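Sequence order for the protein chains is A and B.
Heads up: the first sequence is residues 0 to 278, going by numbering that gives the first Met the number 0.
Heads up: the second sequence is residues 0 to 278, going by numbering that gives the first Met the number 0.
Where a beta carbon is used, it is the ideal one built from N, C-alpha and C, also for glycine.
Note that this is a predicted model, so its numbers are computed, not measured.
Right, one structure below, let's go through it.
Number of protein chains: 2
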Amino acid sequence: MRSGHAVKAVQNHERRSRLLDLIRIRGFAALEELVRELGVSESTVRRDLDALEEQGSAKRTHGGVLYSGGMPRLAEFDERQPANWAAKRAIAAKAAEVINDGETVLLDGGTTTYEVARLLVGRSLQVVTNSLPVANLFASEARTDLVLLGGYVSPRTGVCLGPYANELLGRLHVTTTVLSAAGISEEGLFNAHLLLAETEQAMLKAAGRVIVVADSSKFGRKSLTLVSGLSSINVFVSDDGLSPAWRDAIAKAGAQLVITRVPDADDAAHGVPHRTRPA
Amino acid sequence: MRSGHAVKAVQNHERRSRLLDLIRIRGFAALEELVRELGVSESTVRRDLDALEEQGSAKRTHGGVLYSGGMPRLAEFDERQPANWAAKRAIAAKAAEVINDGETVLLDGGTTTYEVARLLVGRSLQVVTNSLPVANLFASEARTDLVLLGGYVSPRTGVCLGPYANELLGRLHVTTTVLSAAGISEEGLFNAHLLLAETEQAMLKAAGRVIVVADSSKFGRKSLTLVSGLSSINVFVSDDGLSPAWRDAIAKAGAQLVITRVPDADDAAHGVPHRTRPA
DNA sequence: CATTTTATGGTTGAATTCAGTCGGATTTAT
DNA sequence: ATAAATCCGACTGAATTCAACCATAAAATG
């Protein structure tokens, strides 16, 4: 074999390349759909899909294929226990209520602020953020203007850090900043990343009003670096697991406190399995 | 009905919320998988999926669900005729070969540069970009450092524009810039957006080497604004549809030209239906 | 406490999809 | 021209999945 089966091989490759395009654009495609659009038999599509899967570009499922090439997921958003999730979502809902249409909102990175962002999609706002996942939510929304802070992107969390981000923040002013925190003590807000702390300090300076979203487990816990004192915060949003002592402390610091009722953690974690009751 | 069916309703909502989270994180989830992870019956999952689909957050398929809520797709990346796609992919492959490991690469927005970016994922590089979709490709890659240019994000294309992006670019230097173009004439590169043109000019200034990726249909076509002259470009990558006249023009401008063979457009469009031949 | 409403889990028959095999057609090589 | 190899399309039995129905249990209502 000197010149090989050139023509057929090219046709084969062409079709698979086109197939991969269809899958990539859609993210997911039904088998029947592909048969129709490629104009070949089901068996052929099936064979091509097998090849593509072996190659690693696509993942087969019942009735279709899923694109598995690009779109990697950030580590932080994958591994989280559903228990805290319920609280995060409830807190995010309250925080979103506090924000009014027409505002300019600065959104920090983090999972709780991400949930806030999800609830703000579609509203008439100007959004500023240093978080790539948050930016993706608003990227194709015509109703919300989006400003992204630049800089070095942290691989784990997907947020922009560094002097460039801070510098741009120094020139901005927003009506409301939504901040997350790794811990909150009497001294103030704590964060786990040194560079991020600087960025968050810049966010505080740029804001007319500061909202901190943190579930009750964060209170009384410290982390690597102090970001700011409690007095800089205007509103705290948390869940009803917050101790009375902390509620007092927040009131004394002159901040507003918004509490959400969060469903029982056990129920949320395993789904309550038919509570029995004596007849 | 005064107080409603509070407890069950909350449980219901909780479970569906959790279900949506699972789907959102994975992008796609098999039904059996969800049954196992939620610890409820198949019927219940099925019902929840129906509700979620009616609500528009998810799309059912055979054997699973596809998340359709978040991650809105940018308009520019959806509507693409497969014909040009083959050329884009082939051009992107060649362009990726020209880039060496260890380089600092500046990637422009656009669909062709996006294809280049896809092929660079996993390589040892420093990547700078103003494109949100490109940034997403590298966001969770440990092997490549990612720097994102900030600024106002264009809703249609997902690229960062404006004075801040330009300013940051002015302070950067990269070994290679990969640029796209809406049109190329004897006068130089053209682009369809005024603000983007300024940003691309800044990209040219920041680069030690400039690669332009453009399929042959772009040559001889003009667009809104002139970005730069041909003399600023070091390498052109295009397909074999490029006319000899243009090949000469590029050589005269002092630029290197890389040509890829792209399979026949007709074959790519309809799939060649058994070429007959006289016996 | 009795009734109604709602949610859940199991089952069943129908529909869809899968993997493997076969024959035909075309290209390549001898 | 003949033989071998490859690719494609169709068919078939097996496995999976779907939608609908029914029975049960818990919660809300009065």
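- By the 16-neighbour rule on beta-carbons within 10 angstroms, R15(A) is buried.
- Sequence-distant Cβ neighbours of W245(A) in its own chain, meaning closer than 6 Å and more than five residues away, are F218.
- Taking all protein chains shown into account, R23(A) has 16 or more neighbouring C-beta atoms within 10 Å of its C-beta and is therefore buried.
- Straight through space, the alpha carbons of D49(B) and L168(B) are spaced by roughly 49 Å.
- Counting along the chain, the unbroken beta strand (DSSP E) around D238(B) starts and ends at 234-238.
- When Cβ pairs closer than 8 Å are counted between the two stretches, the region 235-249 of chain A is seen to touch the region 204-224 of chain A, the count reaching three or more.
- For F137(A), there is no enclosing beta strand (DSSP E); the residue is part of the alpha helix (DSSP H) that begins and ends at 131-137.
- The three-state secondary structure of V261(B), taken from DSSP, is coil.
- Using a Cβ-Cβ cut-off of 8 Å, N83(B) does not count as an interface residue toward chain A, since no Cβ of chain A sits closer than that to its own.
- Assignment of R170(B) by DSSP, reduced to helix, strand and coil, places it in the coil class.
- Residues I98, L119, L124, Q125, V126, V127, V173, T174, T175, T176, V177 of the same chain have their beta carbon placed closer than 8 Å to that of V104(A), with the five preceding and five following residues left out of the count.
- Considering only G228(A), A57(A), E53(A), R155(A), the residue with the shortest C-alpha distance to R142(B) is R155(A).
- For R88(B), the nearest beta carbon of chain A is closer than 8 Å to its own beta carbon.
- DSSP, read as helix, strand or coil, puts K204(A) in helix.
- Shortest Cα-Cα distance from S184(A) to any of L195(A), E199(A), V226(A) involves V226(A).
- N135(A) and Y66(B) have their alpha carbons spaced roughly 15 Å apart.
- The CB of T176(A) never comes closer than 8 Å to any CB in chain B; the least such distance is about 17 Å.
- Within chain B, G149 have C-beta atoms less than 8 Å from the C-beta of L148(A), given in sequence order.
- Using beta-carbon distances, E140(A) counts as an interface residue toward chain B, with a partner under 8 Å.
- Around L167(B), the beta-carbon contacts reaching into chain A at under 7 Å are G149, Y163.
- Take the alpha-carbon of S179(A) and the one of R59(A): they are about 38 Å apart.
- Residue contact with chain B for V236(A): absent (no Cβ-Cβ distance below 8 Å to any residue of chain B).
- Ranked by how close their Cα comes to the Cα of I232(A), the residues E102(A), D239(A), G207(A) have G207(A) in first place.
- Judged by DSSP secondary structure, I249(B) falls within the alpha helix (DSSP H) whose first and last residues are 243-251.
- Residue environment for R88(A): buried (at least 16 other C-beta atoms within 10 angstroms of its C-beta).
- Comparing alpha carbon positions, the residue from R170(A), V133(A), V209(A), S153(A) closest to V152(B) is V133(A).
- It is roughly 12 Å from the alpha-carbon of L51(B) to the alpha-carbon of R17(B).
- DSSP places N11(A) in the helix class (H, G or I) of the three-state scheme.
- Annotated as distal: Q200(B) and V234(B), with beta-carbon spacing of 8 Å or more.
- Against chain A, the CB of G55(B) has no partner CB under 8 Å away; the residue lies outside that interface.
- The bridge partners DSSP lists for T224(B) are N190(B).
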